[in-house]
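Asker: Below are the structure tokens for one structure; questions will follow.
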Amino acid sequence: MHRQHLSLLVCPTCQDELVLDNDCGDSEQIDRGELRCVECQAIYPIVKGVPRFVDLENYTDGFSFQWNQHATTQHDSYSGVSISRERFFHETRWPTRLSGETILEIGCGSGRFTTHALSTGATVVSVDMSGAVEMNRQLHRTADKLLVIQADLRSLPLRVATFDRLFCFGVLQHTPNVEDAFKSLPRFLRIGGQLTVDVYDKREGFWRWLEPVYRTYYWLRPITTKMETERLYRLVEKYISMVWPLTRQIGRIPRVGRMINRMLLVHDYRQRYELTEKQLKEWAILDTFDNLAPKFDQRQTLSTLRKWFSECEMEEVDVHYGYNGIEGRGVKC
């Protein structure tokens, strides 16, 4: 972390000031040390340049493993395709230049969207509860405007009313209480600050009854969520490798091919993204594991997300189906 970013942090327990002890690093970068609360004297370690505010072992361990295995799979610099950039700017609807502003990213993983938040020229604080923060820091080590921290979004060590913009992609459905997680976010925005989130969708009406048919991985989750993480990953690898030639043929069936492959637990992006066959297989392994491994997977409806935005007194609310299920945007008033 950079010394200049210390002013953004507070104790997550009592919200008081943190001071730096026993730091190791050059004049600007801090690779190792401790943050101490001046009020309650709580100590938070800095490990590999990342301040840690949670136990290193927690319910997100599967994500730590996932992003270590696929650290760069979804990064545009690796894929050669601007998939993450397009999604970032499409979902947020933000300008490409935001110099002088501060952005809070909740659930950064290995940093596929961090790259594009930084490209705006803004100062970015990227948060994740999993050990994937280490890969994000490593991949963006030269970014002077980035602070990466390991923390729980329900107890963030950040000053309230500080950020101009906040985005949270692919995270809310994996928290123990989605409503509480969502409602914990707006307080970190300044008045007029913009919030963008997405969450897996739960269909309403007729489509609700079809979900168990085409989302077949829910049949397996009672078993897979209890499996040892690495064992599950190896099983997913073997399964995808075994059915991969078959899914290539199924994917060519007009209209229903991709749906059949999804029912076979294979995410088929052949006709959606211009990736190599090797990359397509990597994405399939990653996304199938992502369906089966997380401890929590709690979909929400459009009406529920709209209700939460309203209860948080957000203005200019726009909630609709989108990239990752449901997208929601609003402005803090």
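Just so we're aligned, residue 32 is where the sequence shown starts under our numbering, counting upward by one. The beta carbon of each residue, even a glycine, is placed where N, CA and C say it ideally should be. Just so we're clear, the structure is a prediction, and the values are computed from it rather than from any experiment.
1) Quick one: grab the DSSP three-state call for Q280.
2) Taking the continuous beta strand (DSSP E) assigned at Q181, which residues delimit it?
3) At which residues does the beta strand (DSSP E) containing F194 begin and terminate?
4) May I ask you to list the residues that DSSP assigns as paired with M345?
5) On the DSSP letters alone, give me the boundaries of the alpha helix (DSSP H) that P76 sits inside.
6) Among the residues of its own chain, which have a CB less than 8 Å from the CB of D232, if the five just before and after it don't count?
7) Should R63 go down as buried or exposed, given a rule of 16 or more other Cβ atoms within 10 Å for buried?
8) Using a Cβ-Cβ cutoff of less than 6 Å, which residues in the same chain neighbour V164 once the five nearest sequence positions on both sides are dropped?
9) Is the Cβ-Cβ distance between A192 and R221 less than 8 Å?
10) Assign R265 to one of three DSSP states: helix, strand, or coil.
11) DSSP three-state call for D321: helix, strand or coil?
12) Got a sec? Which residues, its chain only, sit under 7 Å from Y300 by beta carbon, not counting five neighbours each side?
13) What would DSSP say about Q60, mapped onto helix, strand or coil?
Answerer: Well, looking at it:
1) Of the three classes helix, strand and coil, the one that applies to Q280 here is helix, per DSSP.
2) DSSP places Q181 in the uninterrupted beta strand (DSSP E) bounded by 177-181.
3) Here the beta strand (DSSP E) through F194 covers 194-199.
4) Under DSSP, M345 forms a beta bridge with K363.
5) Note, P76: premise wrong, no alpha helix (DSSP H); beta strand (DSSP E) at 74-78.
6) Counting only Cβ-Cβ distances below 8 Å, and skipping sequence neighbours, we find R330, Q331, T332, L333, Y352, G356, I357.
7) Residue environment for R63: exposed (fewer than 16 other C-beta atoms within 10 angstroms of its C-beta).
8) If we look at V164 and ignore the five residues flanking it on each side, its Cβ neighbours are V81, V179, Q181.
9) Using a Cβ distance threshold of 8 Å, A192 and R221 count as a contacting pair.
10) Correct three-state label for R265: helix.
11) DSSP places D321 within a helical segment (H, G or I) once states are collapsed to three.
12) Only residues of its own chain outside the window of five on either side were considered, and among them L306, L311, W314 have a CB closer than 7 Å to the CB of Y300, listed in chain order.
13) Here Q60 sits in strand by DSSP.
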